[in-house]
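Residue numbers (my numbering), protein chains in the order written: chain C, 101 to 364; chain A, 1021 to 1330.
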């Protein structure tokens, strides 16, 4: 009886330690917070932004993440920047999105690589410098899934292709949702042998800039946590007909661009 | 008190390890598919810390001069058990280990066969896929499979198959085909000409939900080609050996076609990936083992593939 209870309690102890190891905040508290926001106060609240992420990453290579804003972008008060961090990824910094009052709404959706059981957090920086954070815990996927693109040849053949998509017809003077697709393998460089003759070192899109008639709508700095074929959804506000233009720059300095004539 | 806990813990861990090893051993049997062709039937489970990734069908073919291993197993221990099973059946030496594709449940027994005189065979894209995935697979092994894997467990192929390769095992010919991107971008199939048995590995899933990790459209194309073959029986990567294999091929084709149709329609309607993940193909639930763990991954994968069609 005594042995059974010892085994049971040990099971419980190891169970608890597994669970707490899963949802721990130590990487954030001890390293990332200081690294990205040294000394600044960050409040946790859902009043400014909210984050949607699946509870379980179905595919480690492609986890849809959506950040929605709870406030309108006005000249007086707006979200200036949203930073995405995946605590347990080899490179936790995933992306940083800069918005302006012209963005209309500081919403952004993207697809991330999530390597392990980890918090995915979004930190909003207001125009007055205030920092507000939201987070979601994502359980890693199991099985054969790996956080890389599966068909490198297909991705390389399409390299640099870009598309705009609009889920509904564009209306003037209000925030309109747009989707930007960029074909790029976003190679992580995390391969077995750094001098492998099979795969080149890290090669990914590191900057994305969207403008409407020359005015910035969305400017992003992106890293290898962004899935192959980067895909973003965001808002823009056209006053009248004009040109939506996206530019993506990769780590080789290659520049890809796409334009779309918007006719509200 | 502290030492009591440490001792108890190590006793418990030891007990657990013995239990686990006993479990693998108990479950490991090989069956004769045809004279000189044997296979071990895997269970329909997600790789986990209880089965340690040993879930796939694995096997071997015996010729007069050589044995060829058809997938080495999900971990070193399973590889060792397969090797023992071979040595019990024949004195003919093992010359080849054929790796059907990059997935861990098929390749992590490799190290148990690694010795002079044994050549590893894989698709021309296998080395690249191993290079890309190795670090991730090995880092996740403790957490996911409850086993230690190191980069030494990653065995790169000695022979890369570009289109096809014929192996003579001594009075027994194996015809190996390298397929276009399908289940993965590095799938091989092996035809044992003597017994007219086609080892399809994960190009065919029986009972277990098919998992797309290469190209949906490519896989449908490969299935068309495979359906024209005249063979006596087929060994899938998961599920039983089949004589009436065309029905299974069709069943898989109809699931993959459903994905293609529904995801394509949603993309055309301007729907987002999140909506597709929630809604596509729910009618197929209940028809396949492990539907809940792999169906959403399939939708995710297929959505990203089909977005670039136009």
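Ideal Cβ positions, reconstructed from N, Cα and C, are used throughout, including at glycine. This structure is a prediction, so every number in the text was calculated from the model and none was measured.
Residue of the options minimising C-alpha distance to residue i
{"i": "residue 1219/A", "options": "1160/A, 1055/A and 1080/A", "result": "1080/A"}
{"i": "residue 187/C", "options": "200/C, 257/C, 214/C and 332/C", "result": "214/C"}
{"i": "residue 1056/A", "options": "1197/A, 1191/A and 1202/A", "result": "1191/A"}
{"i": "residue 198/C", "options": "354/C, 310/C and 349/C", "result": "310/C"}
{"i": "residue 194/C", "options": "345/C, 211/C and 240/C", "result": "211/C"}
{"i": "residue 1266/A", "options": "1059/A, 1184/A and 1223/A", "result": "1223/A"}
{"i": "residue 1270/A", "options": "1144/A, 1097/A, 1248/A and 1135/A", "result": "1248/A"}
{"i": "residue 973/A", "options": "1282/A, 1309/A and 1258/A", "result": "One cannot answer for residue 973/A here, as it falls past the ends of chain A, which runs 1021 to 1330."}
{"i": "residue 354/C", "options": "275/C, 286/C, 272/C and 319/C", "result": "286/C"}
{"i": "residue 228/C", "options": "257/C, 241/C, 175/C and 246/C", "result": "175/C"}
{"i": "residue 99/C", "options": "1294/A, 1330/A and 1299/A", "result": "Residue 99/C cannot be examined here, being either before or after the span of chain C that is shown, 101 to 364."}
{"i": "residue 1317/A", "options": "1276/A, 1291/A and 1255/A", "result": "1276/A"}
{"i": "residue 1255/A", "options": "1205/A, 1091/A and 1327/A", "result": "1091/A"}
{"i": "residue 1205/A", "options": "1142/A, 1283/A, 1330/A and 1272/A", "result": "1142/A"}
{"i": "residue 1128/A", "options": "1078/A, 1112/A and 1313/A", "result": "1078/A"}
{"i": "residue 166/C", "options": "279/C, 356/C, 344/C and 319/C", "result": "279/C"}
{"i": "residue 320/C", "options": "127/C, 184/C and 162/C", "result": "184/C"}
C-beta neighbour in chain A for residue i, strict 8 Å
{"i": "residue 119/C", "result": "Residue confidence for residue 119/C is low, a pLDDT of 45 falling below 50, so the modelled location carries little weight; the figure read from the coordinates is stated next. With 8 Å as the cut-off, residue 119/C does not count as an interface residue toward chain A."}
{"i": "residue 164/C", "result": "yes"}
{"i": "residue 132/C", "result": "no"}
{"i": "residue 274/C", "result": "no"}
{"i": "residue 246/C", "result": "yes"}
{"i": "residue 141/C", "result": "no"}
{"i": "residue 281/C", "result": "yes"}
{"i": "residue 347/C", "result": "no"}
{"i": "residue 258/C", "result": "yes"}
{"i": "residue 124/C", "result": "no"}
{"i": "residue 366/C", "result": "Given that chain C is displayed from residue 101 to residue 364, the structure contains no residue 366/C and the question cannot be resolved."}
{"i": "residue 350/C", "result": "no"}
{"i": "residue 341/C", "result": "no"}
{"i": "residue 250/C", "result": "yes"}
Beta carbon proximity, residue i to chain C, threshold 8 Å
{"i": "residue 1042/A", "result": "At residue 1042/A the pLDDT is 48, less than 50, meaning the model places this residue with poor confidence; the figure from the coordinates comes in the next sentence. For residue 1042/A, the answer is no, since every Cβ of chain C falls outside 8 Å of its Cβ."}
{"i": "residue 1143/A", "result": "no"}
{"i": "residue 1201/A", "result": "yes"}
{"i": "residue 1179/A", "result": "no"}
{"i": "residue 1204/A", "result": "yes"}
{"i": "residue 1193/A", "result": "no"}
{"i": "residue 1148/A", "result": "yes"}
{"i": "residue 1275/A", "result": "no"}
{"i": "residue 1328/A", "result": "yes"}
{"i": "residue 1123/A", "result": "yes"}
{"i": "residue 1321/A", "result": "yes"}
{"i": "residue 1313/A", "result": "yes"}
{"i": "residue 1156/A", "result": "yes"}
Residue i versus residue j: straight-line alpha-carbon distance, rounded
{"i": "residue 189/C", "j": "residue 160/C", "result": "11 Å"}
{"i": "residue 151/C", "j": "residue 1235/A", "result": "31 Å"}
{"i": "residue 220/C", "j": "residue 1297/A", "result": "20 Å"}
{"i": "residue 1164/A", "j": "residue 1069/A", "result": "6 Å"}
{"i": "residue 1122/A", "j": "residue 262/C", "result": "30 Å"}
{"i": "residue 1197/A", "j": "residue 1050/A", "result": "25 Å"}
{"i": "residue 322/C", "j": "residue 308/C", "result": "8 Å"}
{"i": "residue 1152/A", "j": "residue 1083/A", "result": "34 Å"}
{"i": "residue 1243/A", "j": "residue 1130/A", "result": "28 Å"}
{"i": "residue 1262/A", "j": "residue 1253/A", "result": "6 Å"}
{"i": "residue 1021/A", "j": "residue 144/C", "result": "A caution first: residue 1021/A carries a pLDDT of 42, below 50, which makes its placement in the model too unreliable to give a value."}
{"i": "residue 121/C", "j": "residue 1054/A", "result": "Confidence in residue 121/C is poor, its pLDDT being 46 and thus under 50, which makes the residue's placement too unreliable to answer from."}
{"i": "residue 1096/A", "j": "residue 1073/A", "result": "10 Å"}
{"i": "residue 129/C", "j": "residue 141/C", "result": "12 Å"}
{"i": "residue 364/C", "j": "residue 265/C", "result": "14 Å"}
{"i": "residue 1268/A", "j": "residue 1225/A", "result": "8 Å"}
{"i": "residue 177/C", "j": "residue 1284/A", "result": "41 Å"}
{"i": "residue 332/C", "j": "residue 282/C", "result": "9 Å"}
{"i": "residue 988/A", "j": "residue 249/C", "result": "It is not possible to answer for residue 988/A, since the shown part of chain A is limited to 1021 through 1330."}
Contact list for residue i against chain D, beta-carbon separation under 7 Å
{"i": "residue 267/C", "result": "In the displayed structure, chain D is absent; the protein chains listed are C and A."}
> Using a Cβ cut-off of 7 Å, which residues of the stretch 224-243 of chain C contact any Cβ in chain A, in chain order?
Replying inline: When C-beta distances to chain A are compared with 7 Å, the residues of the stretch 224-243 of chain C below that value are 241, 242 and 243, in chain order.
> In chain order, what residues of the stretch 1052-1086 of chain A put their CB closer than 8 Å to some CB of chain C?
Replying inline: If the cut-off is 8 Å between Cβ atoms, the stretch 1052-1086 of chain A has 1066, 1067 and 1068 near chain C.
> Of all the residues that make up the stretch 1220-1248 of chain A, which are near chain C by a beta-carbon distance shorter than 7 Å?
Replying inline: Along the stretch 1220-1248 of chain A, going in chain order, the ones with a CB nearer than 7 Å to a CB of chain C are 1231, 1233, 1234 and 1235.
>> Could you tell me which whole beta strand (DSSP E) segments of length 3 or greater appear in the stretch 150-177 of chain C?
In response: Whole beta strand (DSSP E) segments, 3+ residues: 163-169.
> Taking a cut of 8 Å between CB atoms, which residues from the stretch 1103-1121 of chain A lie near chain C?
Replying inline: Going along the stretch 1103-1121 of chain A in chain order, one finds no residue with a Cβ nearer than 8 Å to chain C.
> Listed from N- to C-terminal order along the chain, which residues in the stretch 184-216 of chain C have their beta-carbon within a distance smaller than 8 Å of any beta-carbon of chain A?
Replying inline: Look at the stretch 184-216 of chain C: the residues with a C-beta under 8 Å from a C-beta of chain A are 209, 211, 215 and 216.
>> Which runs of the beta strand (DSSP E) at least 3 residues long sit entirely within the stretch 1179-1259 of chain A? Give them in chain order.
In response: Counting whole runs of 3 or more residues, the stretch 1179-1259 of chain A contains the beta strand (DSSP E) stretches 1179-1181, 1184-1188, 1193-1198, 1208-1212, 1217-1225 and 1253-1258.
> Going along the chain, which unbroken runs of the alpha helix (DSSP H) with 4 or more residues stay wholly within the stretch 301-354 of chain C?
Replying inline: Complete alpha helix (DSSP H) runs here, min 4: none at all.
> Of all the residues that make up the stretch 316-335 of chain C, which are near chain A by a beta-carbon distance shorter than 9 Å?
Replying inline: Listed in sequence order: 327, 328, 329, 331 and 333.
> Hey, which unbroken runs of the beta strand (DSSP E) at 3 residues or more fall wholly within the stretch 1082-1163 of chain A?
Replying inline: List check, beta strand (DSSP E) in window: 1087-1090, 1114-1118 and 1139-1143.
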